[in-house]
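Engineer: Structure incoming, see below.
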Amino acid sequence: MTWTTVTTEPNALGESPFWHPQEKRLYWVDVPGKLLQRLDVASGVVERWAMPSEPGCIAPATDGGLVVALRDGIYRAPVWGGDMALLAAAPYDPATTRFNDGKCDPLGRFWASTIYEPRDARKAELYCLEGSTLRSLAGNAITGNGLAWSPDAKTLYWSDTPHHIVHAWDWDAVPNVLSHYREFLHMAPKPAGWQPGMPGYGGRPDGAAVDVQGNYYSAQFEGQRLCKFSPDGDLLNAFALPVRCPTMPCFGGDDLRTLYLTTGRHGRPAAELEAFPASGHVLSMQVDVPGLPVNFFQS
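Spelled out as structure tokens, the structure:
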């Protein structure tokens, strides 16, 4: 597969991409850059919107605008660049924790994981916004990531990046209940003494997306690859990348056969950035099987 660099300016840490089918724009965030961004694919113009704190994830809303997870809470942005209203305050200490990976479920509820930044305890959780309340549905993690649903909306996936695990549950959508937990994937840990540039490490599971056949695409941070797994957890393909640190895929274009991928460069060694100049850019490639469309927030 051939990867194309979509952006002209790199991000520190791109995340949370989604394709807006009506606007024909790609949206994503730069977490440490405190930016929301959107690309008009036809013109190539990128618009940027500065945030007051780190945006972990975003989702489109049915009546326009976005839902945005900032460090201190979940906000509703009715129009691009306008005022934002607080939907729910963060249920944690923002000094040590922030929102990370998230998106809307097939019924239009907004979900957001957290990351416990000291990384010395399993204090990250997976929250769902129900009305004005954030309810924890899972936890015992350090960095919540990889949120996705199967095409039949009966399986929920969620990863804990530092522990190299992708979890799965049966999901009963209407009452929003998780059951029958299983370990979907367990990646090989980082070898002792491993340093960037050394062989022997395939990365750890960051953001994810699912295609119409139920295949789970997982960005392998530090692994220089995007992995495609079957619904049974079999590795179907490992796409080599022109960057070491992919962060999250999504599907876009009119036929949802363009796979977009955000990447990171924040805190990476100078030699790595020299060897991989696409680090921090949004990449794309064409795929044969279309992906699932973005779920819109139902306000």
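Letter 158 of the sequence shown, counting from 1, is numbered 158 in this note's numbering, and no numbers are missing. Ideal placement from N, C-alpha and C gives every residue a C-beta, glycine not left out. Being a predicted model, the structure only gives us computed values, none of them experimental.
1) Among the candidates A271, D30, T247 and T7, whose CA atom is the shortest distance from the CA of V68?
2) Using C-beta distances below 7 Å, list every residue in its chain close to H266, excluding the 5 sequence neighbours before and after it, in chain order.
3) Which same chain residues, not among the five before or five after D63, have their C-beta less than 7 Å away from its C-beta?
4) Could you check whether the stretch 47-58 touches the stretch 94-104, counting it as contact only if at least three pairs of C-beta atoms, one from each stretch, sit closer than 8 Å?
5) Mind checking which residues open and close the beta strand (DSSP E) that includes L156?
6) What are the boundary residues of the alpha helix (DSSP H) that A270 is part of?
7) Would you give the residue range spanned by the beta strand (DSSP E) that V166 belongs to?
8) Would you check if there are 3 or more beta carbon pairs closer than 8 Å linking the stretch 175-188 to the stretch 200-214?
9) Measure the alpha-carbon distance for T133 versus Y75 and round it to whole angstroms.
10) Rounded to whole angstroms, what's the CA-CA distance from V79 to S179? Just pull it up for me.
11) Around the Cβ of W194, are there at least 16 other Cβ atoms within 10 angstroms (buried) or fewer (exposed)?
12) If you follow the beta strand (DSSP E) that Y27 is part of, which residue opens it and which one closes it?
13) Below 8 Å, can you find three or more Cβ-Cβ pairs linking the stretch 245-253 to the stretch 228-235?
14) With a Cβ-Cβ cutoff of 8 Å, do T258 and H281 count as a contact?
15) Within its chain, find whatever has a CB closer than 7 Å to the CB of L35; leave out the 5 residues flanking it on each side and keep chain order.
16) Go ahead and pull the three-state DSSP assignment for T96.
17) Among the candidates P175, V166 and R244, whose CA atom is the shortest distance from the CA of A208?
18) Go through its chain and collect everything with a Cβ distance to Y181's Cβ below 8 Å, but skip five positions before and after it.
19) Give the straight-line distance between the Cα atoms of P21 and R98, rounded to the nearest whole angstrom.
20) Please name the residue, chosen from M84, V243, F297 and Q213, that lies closest to E222 on a Cα-to-Cα basis.
21) Measuring alpha carbon to alpha carbon, tell me which of K154, H164 and T2 ends up nearest L146.
22) Under 8 Å by Cβ, that's how I've got Y216 and A112 pegged, so tell me the actual separation to the nearest angstrom.
23) Cβ of P106 within 8 Å of Cβ of N295?
24) Helix or strand or just coil, what does DSSP make of V67?
25) Taking the beta carbon of L86 as the centre, do at least 16 other beta carbons fall within 10 Å, making it buried, or is it exposed?
26) Cα separation between R119 and I142?
27) Quick check on this structure: which residue in S159, D160 and A271 has the alpha carbon closest to the alpha carbon of M198?
28) Out of V212, R225 and A219, which one is the CA nearest neighbour of R290?
29) Rounded to whole angstroms, how far is the Cβ of Y260 from the Cβ of P17, which I believe are closer than 8 Å?
30) Grab me the residues of S284's own chain with a C-beta within less than 6 Å of its C-beta, minus the 5 sequence neighbours each way, in chain order.
31) Helix, strand or coil: how does DSSP classify K123 here?
Structural biologist: So, from the data block:
1) It is D30.
2) Cβ within range, chain order: A12, L13 and P32.
3) S299.
4) Of all C-beta pairs linking the stretch 47-58 to the stretch 94-104, three or more are shorter than 8 Å, placing the two stretches in contact.
5) First-last of the beta strand (DSSP E) with L156: T155 to D160.
6) Boundaries of the alpha helix (DSSP H) around A270: A270 to A275.
7) Run containing V166: I165 to D172, per the beta strand (DSSP E) assignment.
8) Under the three-pair Cβ rule at 8 Å, the stretch 175-188 counts as touching the stretch 200-214.
9) Approximately 13 Å between the Cα atoms of the pair.
10) Rounded to whole angstroms, V79 to S179 spans 37 Å at the Cα level.
11) It is exposed - the Cβ of W194 has fewer than 16 other Cβ atoms within 10 Å.
12) Here the beta strand (DSSP E) through Y27 covers R25 to D30.
13) Three or more beta-carbon pairs separated by less than 8 Å are not found between the stretch 245-253 and the stretch 228-235, which leaves the two stretches without contact.
14) No, the Cβ-Cβ distance between T258 and H281 is not below 8 Å.
15) Within the same chain, L35 has close Cβ partners V29, R48, W49, A50 and M51.
16) Here DSSP, grouped into helix, strand and coil, assigns T96 to coil.
17) Closest in alpha carbon position to A208, among P175, V166 and R244, is V166.
18) Once the five neighbours on either side are set aside, the close Cβ partners of Y181 are H167, A168 and W169.
19) Their Cα atoms are separated by approximately 29 Å.
20) Ranking M84, V243, F297 and Q213 by Cα distance to E222 puts V243 first.
21) Leu is not the amino acid found at residue 146; the sequence shown has Gly there. Restricting attention to K154, H164 and T2, the CA atom closest to the CA of G146 is found in H164.
22) Going by Cβ atoms, the distance from Y216 to A112 rounds to 20 Å, so no, they are not a contact pair.
23) Contact flag set, yes.
24) V67: strand per DSSP, three-state reduction.
25) Exposed.
26) Going from the Cα of R119 to the Cα of I142 covers about 6 Å.
27) Here the closest residue by C-alpha is A271.
28) With the sequence shown as reference, residue 290 is identified as Pro, and Arg is not the correct amino acid for it. That would be V212, whose Cα lies nearest to the Cα of P290.
29) Indeed, because the Cβ distance is near 5 Å, the residues count as touching under 8 Å.
30) Once the five neighbours on either side are set aside, the close Cβ partners of S284 are T4, V6, T258 and Y260.
31) Correct three-state label for K123: coil.
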